[in-house]
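Participant: With the sequence shown counted from 1, adding 3 to any position gets you my numbering.
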Amino acid sequence: MTVRHKKLLSCLLVVALIFTVLSGCGGKNNTVNTNTDASKETESTTAEPTKAAEVNSLAANIAGNTAPTDEEKTMVNDTLEDSYLGDVFDTKIPNDYSAYPVKDTTLDIWMPSNSILASVSDDLNNQMVFDQVEKLTGIKVNFIVPPLGEETTNFNLMIASGELPDIIIDAGRYTGGIAAGVADGAYLPLNDVVEKNMPNYNTWRNSDEDRRVTSVLDDGTLGAIYGLAPYNEWCWFGMLIKQEALDKTGMAVPESIEEWHDFLLACKAAGYKEPLNYGSTYGQIFTGILNGAYGVWDWMYIDKDGKAAWGPAAEGAKDYLTTMQQWNSEGLFNKDWATADFNQRMAEAASSDCAAMMDSPDTMWGYWKQDNNIDFVGALNPVLNKGDKPQQTYKNFKSTGTTAAITTQCDNIEAAAAFLDFAFTKKGWEVYNYGSYGDVHLVDEKGMPYFPEDGFMYNDPDGQPLSNLIWKYRVHSFANIRDEHNSNPLITAKGSYSGTIREYWTSNTDDSVTMPPVSFTSDESAREGELGTVLSTLRNEYFAKIVMGQLPVSAYDEFLKKAKAQGLDEFVQLWQTALDRYNAR
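(1) In whole angstroms, what is the alpha-carbon distance linking I96 and E236?
(2) Assign G230 to one of three DSSP states: helix, strand, or coil.
(3) If you draw a straight line from the C-alpha of I228 to the C-alpha of Q328, how long is it?
(4) Do you know whose CA, among V216, Y234 and G295, lies nearest G241's CA?
(5) Among A529, D99 and V516, which one has its Cα closest to the Cα of G314?
(6) Check F158 in the structure and name its three-state DSSP category.
(7) Cα separation between A183 and Y177?
(8) Is the beta carbon of Q579 closer than 9 Å to that of D378?
(9) With distances taken from CA atoms, which of N483, E544 and S124 is nearest T406?
(10) Among residues of its own chain, excluding the 5 on either side of Y585, which ones have a beta-carbon nearer than 6 Å to its beta-carbon?
(11) Could you compute how far the alpha carbon of A420 sits from the alpha carbon of L541?
(12) Check for me: the beta strand (DSSP E) holding I109 runs from which residue to which?
(13) Note the first and the last residue of the continuous beta strand (DSSP E) segment covering G502.
(14) For T49 and A63, I'd like the C-alpha separation in whole angstroms.
(15) Leaving aside the five residues before and after L423 along the sequence, list all residues of the same chain whose C-beta is less than 8 Å from its C-beta, in chain order.
(16) So what's K392 in DSSP terms, helix, strand or just coil?
(17) Hey, could you find the ends of the beta strand (DSSP E) D362 is sitting in?
(18) Buried or exposed: where does Q553 fall if 16 or more other Cβ atoms within 10 Å of its Cβ makes it buried?
(19) Give the DSSP-derived three-state secondary structure of N128 in the structure shown.
(20) When the Cβ atoms of the region 214-225 are set against those of the region 191-200, are three or more pairs found closer than 8 Å?
(21) Kindly indicate which three-state DSSP category P452 falls into: helix, strand or coil?
(22) Can you check the region 302-385 for any beta strand (DSSP E) of at least 3 residues that lies completely inside it and give the ranges in chain order?
(23) With DSSP as the reference, please indicate the residues paired to M242 in a beta bridge.
(24) Let me check one thing: in DSSP terms, what residues is T495 bridge-paired to?
(25) Within the region 549-580, note down every full alpha helix (DSSP H) run reaching 4 residues or more, in order along the chain.
(26) With three or more beta-carbon pairs closer than 8 Å as the criterion, would you say the region 382-399 touches the region 148-159?
(27) Of the choices F574, Q576, E544 and L577, whose alpha-carbon is the least far from that of F562?
(28) What's the C-alpha gap between T156 and D265?
(29) Could you spell out the range, first to last residue, of the beta strand (DSSP E) harbouring V144?
(30) In three-state terms, what does DSSP make of S490?
(31) Give the straight-line distance between the Cα atoms of S122 and L472, rounded to the nearest whole angstrom.
(32) Using a threshold of 9 Å, state whether the C-beta atoms of N117 and W474 are closer than that.
(33) Could you tell me the alpha carbon to alpha carbon distance between S354 and N337, rounded to whole angstroms?
(34) Tell me which residue opens and which closes the alpha helix (DSSP H) that S118 is part of.
(35) Ends of the beta strand (DSSP E) at A186?
(36) Should the region 423-437 be called in touch with the region 486-506, which here means at least 3 C-beta pairs below 8 Å?
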């Protein structure tokens, strides 16, 4: 690999002055770089003697301030001062800043984009949050972003070429997963790195058993840095009903499968031609919302004995398919449920034909309430017997799903560790989740950042919709402490009740059937992927045709026989082995 040219990043004078001041301030667990080289000696002797009082005065005025001055904005955005932030979670967010500033370093980071991010930032190197992180840490970053839709191909070509960047975001893309990336010599084992150079991440992941278990491989290797939340994030997907449909039918929110059937028939009689938006090519038919009532989960789950099991092979599958075939024949679904893409579904959902939807309340708050002034409510997952507790196969495990690997070709491991570790500081939590202070967010009296109604998040100068701004003024998904409940503007916007729905779902639903985030060895992963592809194709074909009436329900027996012949038992055993190792971590 050719040696990359690393650019010099100059430190702003105001940052240098405040760093010097803070190194002499007591009473707060903010630590800064204590190097005593000649340049630091010079900075220390030239600092104004009144600067400490000035910084402390400014910090004291941030919490609860609704009209900060430009000087106050600069103090918050350009320095590592964090005394205005409260300890707002059960676990205190660490704030060891002793590694910063890091000088004379540029890191190359491969990171895939997405359609929303690309719409607000055509060059990730100009994204507002990362620009601020560069200023605060002193580390220059050069993002390598694959073309949209070509992420997998681009990633595989990069790995095959042997020319690796310093850091890879979404490291789980590696064939065989993170464990394979370490075993193949592409990803650096990070146990010693985390212990020596990542004090904040080390403290955060070890402060909670869920965070610890989900961020380590089965053999104890720390193969990547994991996005880790302060809490188990609320369930984000479920059944939603237009309030007008409840009003027109005069019915209460249905709870059981039988009540849902009666409600949908009543909706059709009231003029909703296709009352339930049932499915699409991205898998809504297999959400666990309806099939879960029968114990027929989408994919892998934990059965009543605590063992790994494959949902489509569950005992209640034929009963589920019988019911869905009947509902489809009665015209209770959108006719194009097997082929509709996202845009089609949203258009149909907003039409007068639709009464209920399986989706995210965040999404539908935008498409229904904001765009069309359609109020809606959330319904718990249906049950077979009224009074039973609904179930779901979603649990966050305090892991946000994003991973970052330091590659074995990283030129400066300490700098890469410092860059990633910043995301697990109190200042990093603020910047990544809430963006810049003053224009985007303010801080309330308790030290919690929030988006004011007159800020950029709700008054974008470019007129971008709120659903896009989750990536413009903040970073929605990264290897960081993601504060979804408080920093997702779709949840916190004035009038939004999507968070209330999500919390209601989570608090009233049993998630014990959820398969935890297990990991496979390289050989297991290859075999699991091979068998999983076959089984997924088989499931999709048979279930869809049976629901549409193109095959009788009795065809399920043929489906199950083929699944077993094509390796179902071996597939489940692979998961059971991985689950056993996970439980032993």
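Idealized CB from N, CA, C, for every residue including glycine.
Facilitator: Straight from the coordinates:
(1) For the purposes of this step, residue 96 is identified with residue 93 of the sequence shown, where counting begins at 1. For the purposes of this step, residue 236 is identified with residue 233 of the sequence shown, where counting begins at 1. About 17 Å.
(2) Counting from 1 along the sequence shown, the entry for residue 230 is found at position 227. In the three-state scheme derived from DSSP, where H, G and I count as helix and E and B as strand, G230 is classed as strand.
(3) Numbered from 1 along the sequence shown, position 225 holds the residue referred to as residue 228. Numbered from 1 along the sequence shown, position 325 holds the residue referred to as residue 328. CA-to-CA, the gap between I228 and Q328 works out to about 45 Å.
(4) For the purposes of this step, residue 241 is taken as the residue at position 238 of the sequence shown. Residue G295 is the option with its Cα nearest to G241.
(5) Taking the first residue of the sequence shown as position 1, residue 314 is located at position 311. Ranking A529, D99 and V516 by Cα distance to G314 puts V516 first.
(6) Along the sequence shown, read from residue 1 onward, the residue named residue 158 stands at position 155. Here F158 carries a helix assignment [DSSP, helix/strand/coil].
(7) Working through the sequence shown from its first residue, we reach residue 183 at position 180. Working through the sequence shown from its first residue, we reach residue 177 at position 174. Roughly 7 Å separates the two Cα atoms.
(8) Residue 378 sits at position 375 when you count from the first residue of the sequence shown. Residue 579 sits at position 576 when you count from the first residue of the sequence shown. Cβ atoms of D378 and Q579: not closer than 9 Å.
(9) Numbered from 1 along the sequence shown, position 403 holds the residue referred to as residue 406. Comparing Cα positions, the closest option is N483.
(10) Within the sequence shown, residue 585 is the residue found at index 582, counting from 1. P519 and V521.
(11) Indexing the sequence shown from 1 puts residue 420 at position 417. Indexing the sequence shown from 1 puts residue 541 at position 538. Here the alpha carbon of A420 sits roughly 44 Å from the alpha carbon of L541.
(12) As a first step, residue 109 is located in the sequence shown; it is residue number 106 there, counting from the start. What sits at residue 109 in the sequence shown is Thr, not Ile. In the DSSP assignment, T109 falls within the beta strand (DSSP E) that extends over T109 to W113.
(13) Residue 502 sits at position 499 when you count from the first residue of the sequence shown. Per DSSP, G502 belongs to no beta strand (DSSP E); it is in the alpha helix (DSSP H), S501 to S510.
(14) Walking along the sequence shown from the start, residue 49 turns up at place 46. Walking along the sequence shown from the start, residue 63 turns up at place 60. Its pLDDT being 30, under 50, T49 is placed unreliably by the model, and nothing is read from it.
(15) For the purposes of this step, residue 423 is identified with residue 420 of the sequence shown, where counting begins at 1. When the five nearest sequence neighbours on each side are left out, the beta carbons in the same chain lying within less than 8 Å of the beta carbon of L423 are those of I170, M201, Y204, I228, A407, I409 and A482, in order along the chain.
(16) Translated into the one-based positions of the sequence shown, residue 392 becomes position 389. In this structure, K392 counts as coil in the three-state DSSP scheme.
(17) Taking the sequence shown and counting its residues from 1, the one referred to as residue 362 is at position 359. For D362, the enclosing beta strand (DSSP E) stretches over residues A359 to D362.
(18) Along the sequence shown, one-based indexing puts residue 553 at 550. By the Cβ-count criterion, Q553 is exposed, with fewer than 16 other Cβ atoms from all chains shown falling within 10 Å of its own Cβ.
(19) Against the sequence shown, residue 128 aligns to sequence position 125. In the structure shown, N128 sits in a helix (DSSP, three-state: H, G or I).
(20) At 8 Å Cβ cutoff, the stretches touch.
(21) Within the sequence shown, the letter at position 449 stands for residue 452. P452: strand per DSSP, three-state reduction.
(22) Within the region 302-385, the runs of beta strand (DSSP E) at least 3 residues long that lie entirely inside it are, in chain order, 303-305, 311-313, 359-362 and 379-382.
(23) The residue labelled residue 242 in the question sits at position 239 within the sequence shown. Bridge partners of M242: M361 and A382.
(24) Taking the first residue of the sequence shown as 1, we reach residue 495 at position 492. Checking the DSSP bridge columns, you'll see T495 has no partner listed.
(25) Listed in chain order, they are 558-568.
(26) Between the region 382-399 and the region 148-159 there are fewer than three C-beta pairs closer than 8 Å, too few to call the two in contact.
(27) Position 559 of the sequence shown, counted from the first residue, corresponds to residue 562. Of F574, Q576, E544 and L577, the residue nearest in Cα terms is E544.
(28) Translated into the one-based positions of the sequence shown, residue 156 becomes position 153. Translated into the one-based positions of the sequence shown, residue 265 becomes position 262. For T156 and D265, the distance between alpha carbons rounds to 48 Å.
(29) Stepping through the sequence shown from its first residue, residue 144 is reached at position 141. Per DSSP, the unbroken beta strand (DSSP E) holding V144 starts and ends at K143 to I147.
(30) Numbered from 1 along the sequence shown, position 487 holds the residue referred to as residue 490. S490 falls in the helix class under three-state DSSP.
(31) Along the sequence shown, one-based indexing puts residue 122 at 119. Along the sequence shown, one-based indexing puts residue 472 at 469. Distance between the alpha carbons of S122 and L472 is about 10 Å.
(32) Taking the first residue of the sequence shown as position 1, residue 117 is located at position 114. Taking the first residue of the sequence shown as position 1, residue 474 is located at position 471. Going by C-beta atoms, N117 is nearer than 9 Å to W474.
(33) Taking the first residue of the sequence shown as position 1, residue 354 is located at position 351. Taking the first residue of the sequence shown as position 1, residue 337 is located at position 334. Cα to Cα, the separation comes out at about 11 Å.
(34) Locating residue 118 in the sequence shown gives position 115, where the first residue counts as 1. For S118, the uninterrupted alpha helix (DSSP H) segment begins and ends at S118 to V123.
(35) As a position in the sequence shown, residue 186 is number 183, starting the count at 1. Unbroken run through A186 is the alpha helix (DSSP H), G180 to A186; no beta strand (DSSP E).
(36) With three or more CB-CB distances shorter than 8 Å, the region 423-437 counts as touching the region 486-506.
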